[in-house]
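K.L.:
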Amino acid sequence: MKHKLVPVAAAIFAALTSYNVAAESATDVLTDGWEVHGYGSMNYRFNEDFQSFDSELGKPDYRTAGTSGKSANQVEFVIKKHTEFANGVYSDFVVRTEYGNGDSFYYTSSGAEKNNTVAQLEVKESYVALGNLPYLGDGSEIWAGRRFLNRAAGILSGEFWKQSSGMGAGFETTLDSGHKTGVALVSADPEAGLTADDRPSDGERTTVTSLDLYYYGVKALGGSFDFDAKFMTRADEALTADSADDGFGASVTYNRDYYGLDGWTQTAIAYGEGIGSNRGVNFGGWSGDWKEDSKSLFVTSYGVLNISDNWQLGTEATYWAPENMGWADSNAEDKVTRYILAARPTYKVNDNMRLEFTGSFATEKLEGDNNWGRSSDSTDFYTLEAATVFTVNADYFGRPQIKPYVTWVGTDDEKAASAIGITESGEKDQIVFGVHAEIWF
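Here the sequence shown stands for residues -22 to -1, 1 to 419, where the numbers follow mature numbering (1 follows the signal peptide of the UniProt record, and there is no 0).
This is the structure:
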């Protein structure tokens, strides 16, 4: 009898052993490695007095275009540890570090740079993502940490009009239809980084939070549509009586070729109220103390046209109309209407050189109780720039590159000239000479 039990026991043991092997093999690591990406922008520029200066000449406010970034030495590294497992599950650990963003000084090797606490080495993103978990399905991902979620920016203004920047967590999946669908909760503290004197007097935090819903990749009208909606709230400890404690923003983005021609475009319309008044879907620590009746409409369209083997054209048209933001006077009713038309034709001389020209025209109209001390309620801004680009790839987006350039920026109002950082008192225009080095990888 005992001998008859031996094969049975052996079979049970083999079955248990094979189950354990199967369970362990599902979590075996198939691939495990690091990816390194990044960005570098080194802008060596001078005004007419051969002097460095701390201004972007109105570019972040849709007033000008050109090589106007004030960061003298901006460096970013994105490091990702990607691991794939036998059962199809993967994990990502992503860290983005940034140095020098917004610092316009030219430093030497004296070591004094460490005394400056502005734009030093910072961790901008740090999050973990887990994908294809068997109980959530293939094509799904959960994440938690600090990140820039769903960013989009104009190609000539360089402004991020859509993003959620802060601490958060989210879920994303690709449906059978191929549409990317997600939900996320992202929070930011407007007081973060401020000195004690600049924080609310009662010491309370006014944390802002956005519930993001998005649905991307809907094929229609010769392209695809992306839909975003954000529902925002803010802790109300330090708000004034008419400050918004919630907000809403939504956008529709249309992606296609260059208006029926060879190339690509991205066209978007966005609307926001209350906390969401900053272009509707641009959420972060800057989602500040807007008023309850603040609102804005934002429309943008940008892209690149491939004209021939040698010619390419980048364009951007943007319209933004915020109301009752309280920029000049928190008690004033105001409306600011901005629009900019910008173009950058480029000519490929050979594989390693291109010529680049940039021009823009912008108008800013002020309505309401305050015209910001200007001579007129309507102000025009102009940009003209010429550059020779030395590069490893003369495509419009070919990088790395070194670009000597000369830029002329002008306006028709002295107050407006001062507001965008034109350094000569009483002057309405300025010439900038520079050499810009840029790389992304």
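All residues carry an ideal CB built from backbone N, CA and C; glycine is no exception.
In this text the structure is predicted, and so the values were computed from the model without any measurement.
1. Confirm, please, whether the CB-CB distance from Ile409 to Asn25 is below 9 angstroms.
2. Hey, Trp289 and Ser221: beta-carbon distance below 9 angstroms or not?
3. Output needed for Tyr374: all residues of its chain with C-beta closer than 7 angstroms, excluding positions within five of it in sequence on either side, in chain order.
4. Tell me which residues share the same chain as Glu270 and place their Cβ nearer than 6 angstroms to its Cβ, disregarding the 5 neighbours each side in the sequence.
5. Within the present structure, is the beta-carbon of Tyr84 separated from the nearest heavy atom of the ligand GTP by less than 8 angstroms?
6. Assign Asp391 to buried or exposed, taking buried as 16 or more other Cβ atoms, counted over all protein chains shown, within 10 Å of its Cβ.
7. In the DSSP assignment, find the unbroken beta strand (DSSP E) run with Ser143 in it and report its ends.
8. Under the assumption that Arg23 contacts Gly412 (Cβ atoms under 8 angstroms), give the Cβ distance between them as a whole number of angstroms.
9. Please name the residue in Arg322, Thr401 and Arg212 whose C-alpha comes closest to that of Ser30.
10. Report yes if the C-beta distance between Glu334 and Ala364 is below 9 angstroms; otherwise report no.
11. In terms of residues, what are the limits of the alpha helix (DSSP H) holding Glu26?
12. Would you kindly work out how many angstroms separate the C-alpha atoms of Ser286 and Asn328, rounded to a whole number?
13. Three Cβ pairs or more, each shorter than 8 angstroms: is that satisfied between the segment 5 to 19 and the segment 60 to 79?
14. For Asn(-3), which of helix, strand or coil comes out of DSSP?
15. Pull up the CB-CB distance for Gly201 and Tyr237, whole angstroms please, since I reckon it's below 8 angstroms.
16. Can you list, in chain order, the residues of its chain whose CB lies under 7 angstroms from that of Ser279, leaving out five sequence neighbours each side?
17. Kindly indicate which residue of Lys406, Arg212 and Asp116 has the alpha-carbon position closest to the one of Gly156.
18. For Ala219, which beta-bridge partners are listed by DSSP?
19. Do you know whose CA, among Tyr85, Ser104 and Trp386, lies nearest Ala97's CA?
20. So, His15 versus Lys58, is the Cβ gap smaller than 9 angstroms?
21. What's the gap between the Cα of Thr152 and the Cα of Trp12?
22. Decide if the segment 355 to 364 is in contact with the segment 334 to 344; the criterion is three or more beta carbon pairs, one per stretch, under 8 angstroms apart.
23. Is the beta carbon of Tyr193 sitting closer than 9 angstroms to the one on Lys140?
24. Report the three-state DSSP secondary structure of Ser255 (helix, strand or coil).
25. Just reading off the beta strand (DSSP E) that Lys158 is part of, what are its end residues?
26. Which residue wins for smallest C-alpha separation from Leu199, given the options Glu251, Leu344 and Asp235?
27. Residues in its own chain within less than 6 angstroms of Asp407 by CB, not counting five upstream and five downstream?
28. Can you look up Pro300 in the DSSP assignment and give me helix, strand or coil?
29. Below 8 angstroms on the Cβ atoms is my guess for Leu108 versus Ser69; work out the distance and round it to an integer in Å.
P.N.:
Inspection of the coordinates gives the following:
1. yes
2. With a cutoff of 9 angstroms on beta-carbon distance, Trp289 and Ser221 are scored as not near each other.
3. Val282, Gln290, Gly292 and Thr324
4. Asp220 and Ala222
5. The ligand content of the structure shown is nil, which means the ligand GTP is not present either.
6. buried
7. Phe138 to Thr152
8. 3 angstroms
9. Thr401
10. yes
11. Run containing Glu26: none; DSSP gives neither H nor E here.
12. Just so you know, the alpha carbons of Ser286 and Asn328 end up roughly 13 angstroms apart.
13. Contact holds between the segment 5 to 19 and the segment 60 to 79, because three or more Cβ pairs, one in each stretch, are under 8 angstroms apart.
14. Residue confidence for Asn(-3) is low, a pLDDT of 46 falling below 50, so the modelled location carries little weight and cannot support an answer.
15. Contact flag wrong, Cβ pair sits at about 10 angstroms.
16. Thr243, Thr245 and Ala295
17. For the set Lys406, Arg212 and Asp116, the Cα lying nearest the Cα of Gly156 is the one of Asp116.
18. DSSP, once it has assigned bridges, lists no residue as partnering Ala219.
19. Tyr85
20. The answer is yes: Cβ separation under 9 angstroms.
21. Their backbone Cα atoms lie some 25 angstroms apart in a straight line.
22. yes
23. no
24. helix
25. Lys158 to Ala166
26. Asp235
27. Non-local C-beta neighbours of Asp407 in its own chain, meaning closer than 6 angstroms and more than five positions away in sequence, comprise Gly388, ordered along the chain.
28. Per DSSP, reduced to three states, the secondary structure at Pro300 is strand.
29. 5 angstroms
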